[in-house]
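Enquirer: In UniProt numbering, the protein residues as written are 1 to 365.
Don't be surprised by glycine CBs; every beta carbon is placed ideally from N, CA and C.
Keep in mind the model is a prediction, meaning the values are calculated, not measured.
1. What does a CB cutoff of less than 8 Å around residue 303 pick up in its chain, not counting 5 residues either side in sequence?
2. I believe residue 348 touches residue 185 by the beta-carbon criterion, under 8 Å. Please report the beta-carbon distance rounded to the nearest angstrom.
3. Cα separation between residue 215 and residue 245?
4. Less than 6 Å between C-beta atoms, sequence neighbours within five positions excluded: which residues of the same chain meet that for residue 356?
5. Pull the bridge partners of residue 147 from the DSSP assignment, please.
6. So what's residue 347 in DSSP terms, helix, strand or just coil?
7. Suppose you measure from the CA of residue 258 to the CA of residue 273; what does that come to, to the nearest Å?
8. So, helix, strand or coil for residue 39, using DSSP?
9. Quick check on residue 205: buried or exposed, where buried means 16 or more other Cβ atoms within 10 Å of its Cβ?
10. Note down the Cα distance separating residue 167 from residue 173, rounded to an integer number of angstroms.
11. Does the Cβ-Cβ distance between residue 299 and residue 191 come in under 8 Å?
12. Using only the alpha-carbon positions, how far apart do residue 297 and residue 358 sit?
13. I'd like the span of the beta strand (DSSP E) that includes residue 271, first residue to last.
14. Determine the direct distance from the alpha carbon of residue 145 to that of residue 329, and round the result to whole angstroms.
15. Which residues does DSSP pair with residue 99 in a beta bridge?
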């Protein structure tokens with residue numbers, strides 16, 4: 001039989017989750033047996049990374065929780081929804097297979113939901129105007145405890161009627177409504193574009209080119225606005241010729257880099273507005289005999305797996321997809337979806353990951 005930190009035997013959880021006669025295992029039970037504080041148990045079980053917890057402690061808490069049969073009765077904040085399918089969250093997204101961001105966001109949702117003993121039901125609607133409402137209505141009729149409505153590309157949406165009329169808690173991921181009908185979370189793209197450009201300016205660059213995504217997309221417009229804001233903050237005039245439109249692909253990064261480097265006054269640094277375009281940028285620069293970062297600096301965006309494997313490793317910004325997924329479940333746990341500020345739009349920070357692709361411009365060395 002398992003023992004606690006004092007060597008005493010502890011009772012395993014039964015099907016009813018009993019510990020020393022209690023009807024349900026609590027975080028207090030886990031903290032007592034694991035030999036740590038209740039707040040530490042809460043951080044571990046809710047997958048909260050805001051506080052650094054050692055790996056041995058984390059493993060011990062999870063082991064004790066598993067052995068005792070810890071399982072919340074229902075998601076916190078939703079206990080009032082009696083009659084709903086206990087411990088189920090519906091994750092409905094338009095596209096999940098075209099980009100890693102959707103998978104990463106779903107992973108963030110599952111990470112916390114799993115620790116809460118909740119089940120995540122996933123549906124991809126492909127943006128089909130017939131399939132999407134049917135899918136949402138099905139989940140509502142099933143009595144799920146909450147719905148996470150997600151979009152693969154950040155954008156403003158008109159909330160489907162099924163979500164407007166339902167009493168089921170709804171949270172929006174990577175999309176939002178103009179009137180703030182439901183709690184929503186998106187990346188802080190303007191601040192991210194500013195941060196990427198500022199990193200190049202801080203290294204001494206004054207002629208910074210950028211290769212954007214497609215201009216009709218909100219992420220493109222916001223990242224470009226951040227780029228322009230950073231230039232303005234540094235009292236550097238905006239030069240339209242240093243902005244090249246791409247389409248998020250490696251080939252667009254290649255073409256855009258060729259175009260920028262053909263200018264009479266080429267840039268000494270390039271902000272590629274995603275990592276895939278940075279791959280093409282690297283290829284073009286190396287074909288031209290340019291060394292990164294000795295001759296020209298490059299920064300990407302999204303911090304995809306490829307960024308750390310480029311040569312040299314690419315400085316990039318993290319697209320907080322996983323954090324957005326985690327935020328959605330945490331917001332559901334809070335409850336109170338009807339307060340005046342319940343539909344506030346939250347923008348999560350896109351953090352800079354510094355690697356080896358930025359250096360001072362050649363003339364400054």
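Expert: With the given structure in hand:
1. To locate residue 303, count along the chain shown from 1; it is residue 303. Hits under 8 Å: 275, 316, 317, 318, 319, 353.
2. For the purposes of this step, residue 348 is identified with residue 348 of the chain shown, where counting begins at 1. For the purposes of this step, residue 185 is identified with residue 185 of the chain shown, where counting begins at 1. The pair is a contact, with the Cβ atoms about 6 Å apart (cut-off 8 Å).
3. As a working mapping, residue 215 is identified with position 215 in the chain shown. As a working mapping, residue 245 is identified with position 245 in the chain shown. Answer to the nearest angstrom: the Cα atoms are 7 Å apart.
4. Position 356 of the chain shown, counting from 1, holds the residue named residue 356. Cβ within range, chain order: 312, 313.
5. Within the chain shown, the letter at position 147 stands for residue 147. According to DSSP, residue 147 bridges with 90, 170.
6. Position 347 of the chain shown, counted from the start, is the residue given in the question as residue 347. Residue 347 falls in the strand class under three-state DSSP.
7. Within the chain shown, numbered from 1, the residue matching residue 258 stands at position 258. Within the chain shown, numbered from 1, the residue matching residue 273 stands at position 273. When rounded, the distance between both Cα atoms is 16 Å.
8. Along the chain shown, one-based indexing puts residue 39 at 39. Residue 39: helix per DSSP, three-state reduction.
9. Residue numbering aside, residue 205 sits at position 205 when the chain shown is read from its first letter. Residue 205 should be labelled buried.
10. Within the chain shown, the letter at position 167 stands for residue 167. Within the chain shown, the letter at position 173 stands for residue 173. Distance between the alpha carbons of residue 167 and residue 173: 18 Å.
11. The count along the chain shown starts at 1 and reaches residue 299 at position 299. The count along the chain shown starts at 1 and reaches residue 191 at position 191. No.
12. To locate residue 297, count along the chain shown from 1; it is residue 297. To locate residue 358, count along the chain shown from 1; it is residue 358. The alpha-carbon separation between residue 297 and residue 358 amounts to approximately 5 Å.
13. Numbered from 1 along the chain shown, position 271 holds the residue referred to as residue 271. In the DSSP assignment, residue 271 falls within the beta strand (DSSP E) that extends over 269 to 272.
14. The residue given as residue 329 occupies position 329 in the chain shown. The residue given as residue 145 occupies position 145 in the chain shown. Taking the straight line joining both Cα atoms gives about 11 Å.
15. Indexing the chain shown from 1 puts residue 99 at position 99. BP columns for residue 99 are empty, so no partner.
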